[in-house]
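**Q**
2 protein chains.
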Amino acid sequence: MPELRRDPLSHRWVIIATERAMRPSDFKVENPKPAASICPFCPGNEHLTPPEITAVRPSGSAANKSGWSLRVIPNKFPALRIEGELGRKGYGMYDKMNGIGAHEVIIETADHRLDLPDYPQSQMEMVLRSYRDRISDLKKDPRFKYMLVFKNSGIHAGASLDHPHSQLIAVPVTPKRVSEELFYCRDYYEYKERCLLCDIISQEQLLEERLVVAEENMIAYVPYAPRFPFEVHVLPRRHMHDYCGVSDREIGSLAYVLKTVLKKIRQALGDPAYNYIIHTSPVTLPRPGHPEMWGTIELDYHWHIEIIPRLTRVAGFEWGTGFYINPVAPENAAKFLREENVDA
Amino acid sequence: MPELRRDPLSHRWVIIATERAMRPSDFKVENPKPAASICPFCPGNEHLTPPEITAVRPSGSAANKSGWSLRVIPNKFPALRIEGELGRKGYGMYDKMNGIGAHEVIIETADHRLDLPDYPQSQMEMVLRSYRDRISDLKKDPRFKYMLVFKNSGIHAGASLDHPHSQLIAVPVTPKRVSEELFYCRDYYEYKERCLLCDIISQEQLLEERLVVAEENMIAYVPYAPRFPFEVHVLPRRHMHDYCGVSDREIGSLAYVLKTVLKKIRQALGDPAYNYIIHTSPVTLPRPGHPEMWGTIELDYHWHIEIIPRLTRVAGFEWGTGFYINPVAPENAAKFLREENVDA
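Protein chains in written order, with the working numbering: chain A, 98 to 441; chain B, 98 to 441.
(1) Please name the residue, chosen from B:113, B:101, B:100 and B:107, that lies closest to residue 423 (chain A) on a Cα-to-Cα basis.
(2) Quick one: Cα of residue 373 (chain A) to Cα of residue 143 (chain A), how far?
(3) Is the Cβ-Cβ distance between residue 165 (chain A) and residue 158 (chain A) less than 9 Å?
(4) For residue 179 (chain B), collect the residues of the same chain with a Cβ closer than 6 Å to its Cβ; drop the 5 residues on either side in sequence, then sort them by chain order.
(5) Please confirm if residue 400 (chain A) has its CB atom under 9 Å from at least one CB of chain B.
(6) What residue range does the beta strand (DSSP E) around residue 247 (chain B) cover?
(7) Measuring only the C-alpha atoms, how far is residue 400 (chain A) from residue 223 (chain A)?
(8) Does residue 262 (chain A) get closer than 9 Å to chain B when you measure Cβ to Cβ?
(9) Going straight from the alpha carbon of residue 329 (chain B) to that of residue 221 (chain A), what length do you get?
(10) Would residue 260 (chain B) be called buried (16 or more neighbouring beta carbons within 10 Å of its own) or exposed?
(11) Between the stretch 101–116 of chain A and chain B, which residues of the former have a C-beta closer than 7 Å to a C-beta of the latter?
(12) Spell out a yes or no on whether the stretch 203–221 of chain B and the stretch 177–195 of chain B are touching, meaning 3 or more CB-CB pairs, one atom from each, closer than 8 Å.
(13) So is residue 160 (chain A) buried or exposed if we call it buried at 16+ other beta carbons inside 10 Å?
(14) Less than 9 Å between the beta carbons of residue 278 (chain A) and residue 107 (chain B), yes or no?
(15) Within 9 Å of any Cβ in chain B, is that where the Cβ of residue 297 (chain A) sits?
(16) Should residue 273 (chain B) be flagged as near chain A, meaning a C-beta pair shorter than 9 Å?
(17) By alpha-carbon positions, which one of B:104, B:173, B:105 and B:110 ends up nearest to residue 138 (chain B)?
(18) I'd like the ranges of any beta strand (DSSP E) spanning at least 3 consecutive residues and lying wholly in the stretch 277–346 of chain A.
(19) Within the same chain, show all residues whose beta-carbon is closer than 8 Å to that of residue 191 (chain B), passing over the 5 residues directly before and after it, in chain order.
(20) Can you name, in chain order, every residue of its own chain whose Cβ lies under 7 Å from the Cβ of residue 413 (chain A), other than the five neighbours on each side?
(21) Mapping the DSSP letters down to three states, classify residue 172 (chain A) as helix, strand or coil.
(22) Using 9 Å as the limit for Cβ to Cβ distance, is residue 142 (chain B) near chain A?
(23) Are the beta-carbon atoms of residue 202 (chain A) and residue 420 (chain B) separated by less than 9 Å?
(24) Taking only the alpha-carbon atoms, compute the straight-line gap between residue 337 (chain B) and residue 312 (chain B) and give it to the nearest angstrom.
(25) Would DSSP call residue 160 (chain B) helix, strand or coil?
(26) What residue range does the beta strand (DSSP E) around residue 152 (chain B) cover?
(27) Report the three-state DSSP secondary structure of residue 194 (chain A) (helix, strand or coil).
(28) Determine the DSSP secondary structure at residue 212 (chain B), reduced to helix, strand or coil.
(29) Can you give me the C-alpha to C-alpha distance between residue 326 (chain B) and residue 427 (chain B), rounded to a whole angstrom?
(30) Tell me, please, whether the CB atom of residue 320 (chain A) is closer than 9 Å to any CB atom in chain E?
(31) May I ask you to list, following chain order, the residues of the stretch 175–206 of chain A that have a beta carbon less than 7 Å from some beta carbon of chain B?
(32) How about residue 172 (chain B): is its C-beta nearer than 9 Å to some C-beta of chain A?
(33) What are the boundary residues of the beta strand (DSSP E) that residue 266 (chain A) is part of?
(34) Based on Cα-Cα distance, which residue from A:320, A:307 and A:243 lies nearest to residue 376 (chain A)?
(35) Do residue 294 (chain B) and residue 398 (chain B) count as a contact pair if the criterion is CB distance below 9 Å?
(36) Which residues in the same chain as residue 366 (chain B) place their Cβ atom closer than 8 Å to its Cβ, once the five residues preceding and following it in sequence are excluded?
Here you go:
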């Protein structure tokens with residue numbers, strides 16, 4: 098069973114995969130795994146993955162056979178285990194619990210070679226709806242506090258398989274970076290009685306200098322103080338704390354904006370590896386023992402997607418401090434991306 | 098002038114290097130810089146660096162000429178500028194200030210090929226004393242709140258030159274990760290009236306399972322919930338909030354422990370790139386307008402050095418959440434390092 102352990106100096110929870118007894122020799126070279134010769138995510142190879150959780154397929158077609166256009170499966174090498182109790186425990190002065198969670202893979206398309214910016218609009222919408230549906234479904238499990246949806250594209254972004262896919266991890270604690278955002282959003286709300294991200298949207302709209310794509314329902318901009326060059330945030334104009342609240346109309350807009358931004362990044366920066374991550378609110382369903390814990394979250398938090406092209410290595414300075422040096426002014430990054438002409 | 102900007106969602110300050118107008122084409126490939134053919138840090142090439150700030154050299158020898166055994170110079174491409182006022186300003190709803198700071202390079206040895214674990218004990222002590230002396234000197238500048246000392250060794254750890262060196266950055270804000278540690282150390286102190294890290298030392302000493310090197314004055318262990326495989330922390334047994342308080346006797350012990358740990362890592366893991374970072378207290382000298390800001394810091398904080406071998410890539414999950422998956426149990430990592438036989 099993997100363990101969740103809390104670092105007392107940062108209060109960060111870390112997943113310790115205790116059961117794979119890795120030896121130092123497993124680490125001798127920082128070698129990206131070679132692409133598998135047979136792709137387990139391709140149609141016809143469904144038997145190489147765990148049985149599907151859900152799939153988009155013609156009505157009447159058999160599960161775990163080809164014919165699907167999107168497929169959600171459990172990760173074959175999960176970071177957390179779905180079965181068991183949380184088992185919160187002290188260990189001397191330290192805190193731990195069992196590594197309980199869900200780890201799913203969303204296979205975004207049957208086409209091994211299709212790159213996300215080139216997805217038909219309907220395919221991209223299908224992917225974004227699957228995120229919403231999986232988060233909603235996992236919310237029913239009272240052990241999970243947070244559902245994290247992310248995509249690693251390219252070896253340098255951590256992808257170990259080429260076939261286009263994203264991942265979902267459900268965890269029993271609210272991750273540190275999310276807690277921080279929740280804290281600062283609430284702090285701002287208490288001071289202003291307005292949502293911080295709603296205010297950022299209107300500030301960015303007013304200044305225009307960091308906008309990348311502005312659409313009726315969604316907006317994409319380079320944030321004012323980004324950690325990484327060409328980092329882009331995408332968010333709904335409508336105030337909404339939870340990604341699950343996104344309407345089908347907004348999904349259409351989000352699909353368009355995400356495809357456009359990633360197409361611009363691909364074209365401007367030479368097809369870099371990238372990550373995107375959905376920042377949404379933790380599970381807010383009433384839970385025994387936690388009647389009031391979320392306070393004004395429905396008013397003060399606003400979901401968004403962070404897109405991070407993997408262009409620079411993070412060196413000692415960044416690790417040591419959480420203090421980042423970004424060599425590209427956000428206004429320049431936004432201008433380059435804005436002016437990059439791409440097909441809609 | 099570079100800018101310091103604060104991200105409103107995380108309250109993290111980021112250095113934006115606005116003046117180098119980098120274009121997207123500068124980023125097209127993630128290519129480590131090739132090693133310079135002429136090393137500017139080697140003896141005889143002193144004219145290729147800015148004039149030295151200080152150096153260890155035979156008495157009577159001329160500055161900026163060869164003959165030195167350690168040399169401290171300003172970084173030729175500094176992330177921050179030493180001249181100017183902080184100029185704290187609002188920009189719409191955002192916060193910024195001028196990118197004021199110091200960025201120095203400590204050239205640790207005249208020998209281009211010498212690897213830190215192989216330094217003579219006296220050379221390693223000289224390096225550690227130079228850190229103490231430079232921090233002490235920069236404390237006199239009332240604009241600086243924090244002095245960050247770190248070493249990037251190897252291209253994968255962010256080093257752009259092979260010649261052994263470390264860096265010091267003085268910044269006008271307390272970096273986020275340090276603030277967090279200060280917060281949790283103070284929180285623990287308020288609850289227990291004891292130093293968190295003193296308690297961790299006695300816990301680790303008691304359990305022994307995560308110890309790497311235990312010495313009279315210094316202790317090295319794999320922390321209970323490390324973010325990275327084979328991460329090691331080194332700290333003084335004596336309670337001390339500020340690295341500048343380290344005695345010459347303790348420097349001797351620190352030099353021995355640091356060399357030993359890095360030798361074990363090199364041998365066990367095949368000479369990986371690594372970073373180490375000194376976590377010390379912010380400047381606590383009384384400053385106008387901040388009479389009481391440091392509270393009990395002399396009682397509740399405890400300096401330490403983090404050593405991070407660069408073995409695994411950080412993927413989307415980690416970026417998105419500040420939530421790390423560590424595939425090596427700390428107890429196994431410590432055991433491997435403990436059992437690695439190295440010459441003293």
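Cβ atoms here follow ideal geometry from the backbone N, Cα and C, with glycine treated the same way. Treat the numbers as computed from the prediction; the structure is a model and nothing was measured.
**A** Looking at the coordinates:
(1) The sequence position of residue 423 (chain A) within the first sequence is 326, counting from 1. Cα-wise, what sits closest to residue 423 (chain A) is B:113.
(2) The residue labelled residue 373 (chain A) in the question sits at position 276 within the first sequence. The residue labelled residue 143 (chain A) in the question sits at position 46 within the first sequence. The alpha-carbon atoms of residue 373 (chain A) and residue 143 (chain A) are separated by roughly 26 Å.
(3) Position 68 of the first sequence, counted from the start, is the residue given in the question as residue 165 (chain A). Position 61 of the first sequence, counted from the start, is the residue given in the question as residue 158 (chain A). Result yes, Cβ atoms of residue 165 (chain A) and residue 158 (chain A) sit closer than 9 Å.
(4) In the second sequence, residue 179 (chain B) corresponds to position 82, counting from 1. Excluding positions up to five away in sequence, the list reads 199.
(5) Along the first sequence, read from residue 1 onward, the residue named residue 400 (chain A) stands at position 303. Taking Cβ atoms only, chain B never reaches closer than 9 Å to residue 400 (chain A), which makes this a no.
(6) Residue 247 (chain B) sits at position 150 when you count from the first residue of the second sequence. Run containing residue 247 (chain B): 243–250, per the beta strand (DSSP E) assignment.
(7) The count along the first sequence starts at 1 and reaches residue 400 (chain A) at position 303. The count along the first sequence starts at 1 and reaches residue 223 (chain A) at position 126. Distance between the alpha carbons of residue 400 (chain A) and residue 223 (chain A): 19 Å.
(8) Taking the first residue of the first sequence as 1, we reach residue 262 (chain A) at position 165. Answer no: the Cβ-Cβ gap between residue 262 (chain A) and chain B never drops below 9 Å.
(9) Stepping through the second sequence from its first residue, residue 329 (chain B) is reached at position 232. Stepping through the first sequence from its first residue, residue 221 (chain A) is reached at position 124. Cα-Cα distance, rounded: 43 Å.
(10) The residue given as residue 260 (chain B) occupies position 163 in the second sequence. By the neighbour-count rule (16 or more Cβ atoms within 10 Å), residue 260 (chain B) is buried.
(11) 102, 103, 104, 105, 106, 107, 108, 109, 110, 111, 112, 113, 114 and 115
(12) no
(13) The sequence position of residue 160 (chain A) within the first sequence is 63, counting from 1. Counting Cβ neighbours within 10 Å, residue 160 (chain A) comes out exposed, since fewer than 16 surround it.
(14) Taking the first sequence and counting its residues from 1, one reaches residue 278 (chain A) at position 181. Taking the second sequence and counting its residues from 1, one reaches residue 107 (chain B) at position 10. A contact, by the Cβ cut-off of 9 Å.
(15) Position 200 of the first sequence holds residue 297 (chain A). Taking Cβ atoms only, chain B reaches closer than 9 Å to residue 297 (chain A), which makes this a yes.
(16) Numbered from its first residue, the second sequence carries residue 273 (chain B) at position 176. Cβ-Cβ to chain A under 9 Å: yes for residue 273 (chain B).
(17) Position 41 of the second sequence, counting from 1, holds the residue named residue 138 (chain B). When only C-alpha atoms are compared, the closest one is B:173.
(18) 308–311, 315–318 and 329–333
(19) For the purposes of this step, residue 191 (chain B) is identified with residue 94 of the second sequence, where counting begins at 1. Here the set comprises 102, 103 and 105.
(20) Working through the first sequence from its first residue, we reach residue 413 (chain A) at position 316. Residue placement at residue 413 (chain A) is flagged as unreliable, the pLDDT there being 47, under the threshold of 50; a coordinate-derived value is accordingly withheld.
(21) Reading the first sequence from its first residue, position 75 is the one you call residue 172 (chain A). Residue 172 (chain A) falls in the coil class under three-state DSSP.
(22) On the second sequence, position 45 is the one that residue 142 (chain B) refers to. No, no contact with chain A.
(23) Locating residue 202 (chain A) in the first sequence gives position 105, counting from the first residue. Locating residue 420 (chain B) in the second sequence gives position 323, counting from the first residue. No; because the gap between Cβ atoms is not below 9 Å, this pair is not in contact.
(24) Residue numbering aside, residue 337 (chain B) sits at position 240 when the second sequence is read from its first letter. Residue numbering aside, residue 312 (chain B) sits at position 215 when the second sequence is read from its first letter. C-alpha separation (whole angstroms): 17 Å.
(25) As a position in the second sequence, residue 160 (chain B) is number 63, starting the count at 1. Residue 160 (chain B): coil per DSSP, three-state reduction.
(26) Mapped onto the second sequence, residue 152 (chain B) falls at position 55. 151–153 is the span of the beta strand (DSSP E), which, as asked, contains residue 152 (chain B).
(27) Start at 1 with the first residue of the first sequence, and residue 194 (chain A) comes out as number 97. Looking at residue 194 (chain A) - three-state DSSP - the assignment turns out to be strand.
(28) As a position in the second sequence, residue 212 (chain B) is number 115, starting the count at 1. Reduced to three states, the DSSP call for residue 212 (chain B) is coil.
(29) What you label residue 326 (chain B) is simply residue 229 of the second sequence in a count that begins at 1. What you label residue 427 (chain B) is simply residue 330 of the second sequence in a count that begins at 1. When rounded, the distance between both Cα atoms is 7 Å.
(30) Structure shown: chain E not included; protein chains present are A and B.
(31) 176, 189, 190 and 191
(32) Here residue 172 (chain B) corresponds to residue number 75 of the second sequence, with the count starting at 1. Chain A, which has no Cβ nearer than 9 Å to the Cβ of residue 172 (chain B), makes this no.
(33) By one-based count along the first sequence, residue 266 (chain A) stands at place 169. It spans 262–268 - the beta strand (DSSP E) in which residue 266 (chain A) sits, taken as one unbroken run.
(34) Taking the first residue of the first sequence as 1, we reach residue 376 (chain A) at position 279. Ranking the options by Cα distance to residue 376 (chain A), first place goes to A:243.
(35) Here residue 398 (chain B) refers to the residue found at position 301 when the second sequence is read from its first residue. Here residue 294 (chain B) refers to the residue found at position 197 when the second sequence is read from its first residue. Against a cut-off of 9 Å, the Cβ pair of residue 294 (chain B) and residue 398 (chain B) comes out as a contact.
(36) By 1-based counting over the second sequence, the position of residue 366 (chain B) is 269. Correct list, in chain order: 327, 406 and 408.
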